[in-house]
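Numbering (this note's numbering), first residue to last: 2 to 196.
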């Protein structure tokens, strides 16, 4: 994975920093049982707050604003496109590998080789549980001719590879911390506040 291509632009970094700062304040306030009274001292001056609950509501409004700005910058950033492309490539490799494994499991006994290439994208849906694929394999006897065979392979083992592909990709390098942690923390702070 190219780390240089996944570097966030300065504007995106600034929006992420602002979002994380407000989110951490909200989480600290909730878990630290921080509350505001009606009198607050700001730079030595005394101020009276008529509605202390508004402070928390205001912080959530600010968080929503920074979340929206981070989302806009993140989607416009070249790192997002690169991240998406790398994930698609990783998923394709995982699904293709699983497809080949399932094809080999369904080959007739003694058959250990195929002609041609086979990928997940080349599979046709047979029904809700199986894919249909036509394979070419060398004929017995070594006469350099191929025979075609239509196979039904189960969808489940192949489709279940999406989950480990997503988890494995998310924990590579700094993907989780740089790209997904801000969203996870915002979700956490919102759930904690609502519960």
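From the three backbone atoms N, C-alpha and C, an ideal C-beta is built for every residue, glycine too.
Skipping 5 residues on each side, what residues in its chain have a beta carbon closer than 8 Å to that of residue i?
i           : result
residue 129 : 156
residue 31  : 190, 193 and 194
residue 112 : 138
residue 70  : 16, 19 and 20
residue 127 : 133 and 153
According to DSSP, is residue i part of a helix, a strand, or is it coil?
i           : result
residue 40  : strand
residue 140 : coil
residue 183 : helix
residue 53  : coil
residue 171 : helix
residue 155 : strand
residue 114 : coil
residue 108 : coil
residue 72  : helix
residue 196 : coil
residue 95  : helix
Can you tell which of the options has its C-alpha closest to the C-alpha of residue i?
i           : options               : result
residue 67  : 14, 88 and 159        : 14
residue 117 : 104, 163 and 52       : 104
residue 134 : 154, 148 and 115      : 154
residue 179 : 72, 125 and 106       : 72
residue 150 : 37, 39 and 107        : 107
residue 114 : 136, 122, 131 and 123 : 136
residue 75  : 183, 123 and 47       : 183
Taking the C-alpha atoms as reference points, what is the distance between residue i and residue j?
i           : j           : result
residue 146 : residue 140 : 6 Å
residue 9   : residue 181 : 13 Å
residue 175 : residue 11  : 17 Å
residue 60  : residue 125 : 51 Å
residue 177 : residue 164 : 15 Å
residue 36  : residue 196 : 17 Å
residue 26  : residue 187 : 11 Å
Tell me, which residues are paired with residue i by DSSP?
i           : result
residue 147 : 139
residue 1   : Since the first residue of the chain shown is 2 and the last is 196, residue 1 is not available in this structure.
residue 48  : 41
Excluding sequence positions up to five away, which residues of its chain have a Cβ less than 7 Å from the Cβ of residue i?
i           : result
residue 120 : 97 and 100
residue 91  : 166 and 170
residue 7   : 80, 83 and 84
In its own chain, which residues sit with a C-beta less than 6 Å from the C-beta of residue i, not counting the 5 before and 5 after it?
i          : result
residue 63 : 23
residue 95 : 162 and 166
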